[in-house]
Every structure is written in structure tokens, then in C-alpha cells.
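To start, the structure itself, in C-alpha cells.
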Amino acid sequence: EAGVVQSPRYKIIEKKQPVAFWCNPISGHNTLYWYRQNLGQGPELLIRYENEEAVDDSQLPKDRFSAERLKGVDSTLKIQPAELGDSAVYLCASSPFVGAANEKLFFGSGTQLSVL
Amino acid sequence: SQQGEEDPQALSIQEGENATMNCSYKTSINNLQWYRQNSGRGLVHLILIRSNEREKHSGRLRVTLDTSKKSSSLLITASRAADTASYFCATRHNDYKLSFGAGTTVTVRA
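Sequences listed follow chains A and B, in order. At position 4 of the first sequence the residue is numbered 4 (the working numbering), and the sequence of numbers has no breaks. At position 54 of the second sequence the residue is numbered 1054 (the working numbering), and the sequence of numbers has no breaks.
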């Protein structure tokens, strides 16, 4: 079975530029997560989708970050405009069921963003 | 905010030795999970222990959970070079949020 696919793998942009990350979860997985991981730290949740509904976006900096998950499958995370502090690895993860507590997450390889 | 805190931050051991790392958390959990991350890669799920369980095994991995102390430990027995990675505990709370700690970096020397 194909895993969680993210693109691009690396992205280098100048500050104030826009950037977008794409995620294709494992087929059939209803729950999708976007995490941000700073160097030497653990992942921090940005947003969680159940199907196409964003059920937890409390940690998403909404002034510059936006996300969408059309048709409850692929998802896009956008930053506009990017700031130096946004440099991090952006990880997408998915899990099979909606609202299931005892579920493990399947992670993609991430997009490493460098803002210059 | 990160709920779990791993200890130690870094660990260096000889191949064949055991590696133990600990995780402490602050609020009650539904379950606790351990993940491994190789350099430049995404996280891979290792093991999940529910709040009503005290110990769980999977291959060379042994996880314990003490809810009274709000702590967990991960033991890797007979370590191999391929075990070199960062290990994260993640706590699942009643709001379904999965919160990760800062991780323990394990280096296994040949």
C-alpha cells in the first residue's frame, strides 16, 4: 500500500513570498493532520481534518496560514506571506477512522521549508 | 504546546546494549504512543499503550505506563545500528489531540 505522499520535499523561498505544501493521505484514511516540526523538537499540530471538515485548527496561525481538504482526500497547506520563523519541516499524517482515539498515525516524509 | 517530555535528550550506547528512555506528561491521557524518526524522514509508529494497560511488548520493544506518576518508559533491547534515530512519545487526550514530546536522540555505536 502506498504511504502518505508529500510534495515538494524541499522548498527554499524568500521572506514575504507565498508557499504551498501538498499531501495525499493513504487511500481510505478519513483523518488528516498537518504538523510543524522545528529543528530538535517534536511535531506540533497545526490542523486536523475529519473528512473535509477542519475539526481542530486552534494552533493554526490564521493570519498567514490556510489549509483545505477538498473532497476529503488531498490537502494543501499554504503560508502567505512566509516569515523567517516559518522555517521548519511540515509533516502530513493520516489515520483510518474518524474520532477514533486508539489510532496510530501514518506520516509522510515531510516538506523542509527554508525561508531566507 | 508539547505535553510529553522525554528524558534523556540524547543517548549513546554500544551495539547490543539496551536503551531506555522516559516520557512524562501533565494531564490525563487516553493512550500513549511511541514513534521513531530517522534523520530527514517522517515518523513511524512503534507501539501504543492504553491508559488501562501497564506494560506492552513488541519484538525488542517494551513499554511501561504508570498513570499515577504520569510517566512511560520505552526499552529497546539488544540495540542495533539501525536503531539510531530520534524517539518521540505522543499522548492522546480525550479531545483526540495527539501531542508529541521533544524526543530522545539515540545513537548506537558499532
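Glycine included, C-beta positions come from ideal geometry on N, C-alpha and C.
Reference N1018/B, options K1097/B, W1034/B, S1071/B and T1084/B, closest by Cα: The residue with the shortest Cα to Cα distance from N1018/B is T1084/B.
Please return the same chain residues whose Cβ sits closer than 8 Å to the Cβ of I1013/B, not counting the five positions on each side in sequence. A1019, S1079, V1106, T1107, V1108 and R1109
Can you name the residues of chain A whose CB is closer than 8 Å to the CB of L1074/B? Those within 8 Å of L1074/B in chain A number zero; the least Cβ separation is about 14 Å.
What are the boundary residues of the beta strand (DSSP E) that includes I1076/B? Its beta strand (DSSP E) spans residues S1071 to I1076.
Should N51/A be labelled buried (16 or more other beta-carbon atoms within 10 Å of its own) or exposed? exposed
Under 8 Å, Cβ to Cβ, is there at least one residue of chain A near R1036/B? no
Residue range of the unbroken beta strand (DSSP E) whose run includes L84/A: Neither: L84/A is in no beta strand (DSSP E) and is coded neither H nor E.
Which of helix, strand or coil does DSSP assign to D74/A? coil
Unbroken stretches of the beta strand (DSSP E), 3 residues or longer, contained in the segment 1001 to 1061 of chain B: Fully enclosed beta strand (DSSP E) runs of 3 or longer: 1005 to 1007, 1010 to 1014, 1019 to 1024, 1031 to 1037, 1043 to 1050 and 1055 to 1058.
In its own chain, which residues sit with a C-beta less than 6 Å from the C-beta of F65/A, not counting the 5 before and 5 after it? I79
Cutoff 8 Å: D107/A Cβ touching any chain B Cβ: Here residue 107/A is Phe; the residue named in the question, Asp, does not match the sequence. Chain B contact via Cβ: present.
Inter-residue spacing [alpha-carbon to alpha-carbon] between D86/A and V115/A: 7 Å
Say whether chain B places a C-beta atom closer than 8 Å to the C-beta of D74/A. no
Contact set for E1015/B: own chain, Cβ-Cβ below 7 Å, skip 5 residues either direction: Excluding positions up to five away in sequence, the list reads S1079, R1080, A1081, V1108, R1109 and A1110.
DSSP-derived helix/strand/coil call for D1083/B: Here DSSP, grouped into helix, strand and coil, assigns D1083/B to helix.
Mind the definition here: the segment 1094 to 1106 of chain B touches the segment 40 to 49 of chain A only if three or more C-beta pairs lie below 8 Å; say whether that holds. yes
Hey, would you say the C-beta of C92/A is under 7 Å away from at least one heavy atom of the ligand ATP? In the structure shown, the ligand ATP is absent, as is every other ligand, since no ligand is present at all.
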